[in-house]
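Worksheet: one structure, shown below.
Residue numbers (full-length UniProt numbering): 1 to 62.
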């Protein structure tokens with residue numbers, strides 16, 4: 001599977017990270033995927049975080 005990007009949003013940076021974690025969980029990426037936050041931004045009191053998702057390739061790194 002290819003690298004993906006996922007966005008979490010919220011009224012604070014913490015809420016944006018929590019939203020990102022929930023989105024990852026809903027998509028089934030919490031097990032066997034590496035997520036790295038590549039950007040965090042705030043505009044007009046609203047936060048967003050962007051994470052790069054690299055799903056684990058079977059057998060990779062083992």
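All C-beta atoms, glycine included, are put in the ideal place defined by N, C-alpha and C.
Per DSSP, cross-strand counterpart(s) of residue i
i: residue 35; result: 53
i: residue 48; result: 9 and 41
Short Cβ contact (8 Å threshold) for residue i with residue j
i: residue 40; j: residue 55; result: no
i: residue 16; j: residue 48; result: yes
Assigned secondary structure, residue i (DSSP; H/G/I helix, E/B strand, else coil)
i: residue 41; result: strand
i: residue 6; result: strand
i: residue 14; result: helix
i: residue 20; result: helix
Closer than 8 Å to chain D by CB, residue i
i: residue 13; result: Checking the listed chains, one finds no chain D in this structure; it contains a single protein chain.
Buried versus exposed, by CB contacts within 10 Å (16 or more), residue i
i: residue 53; result: buried
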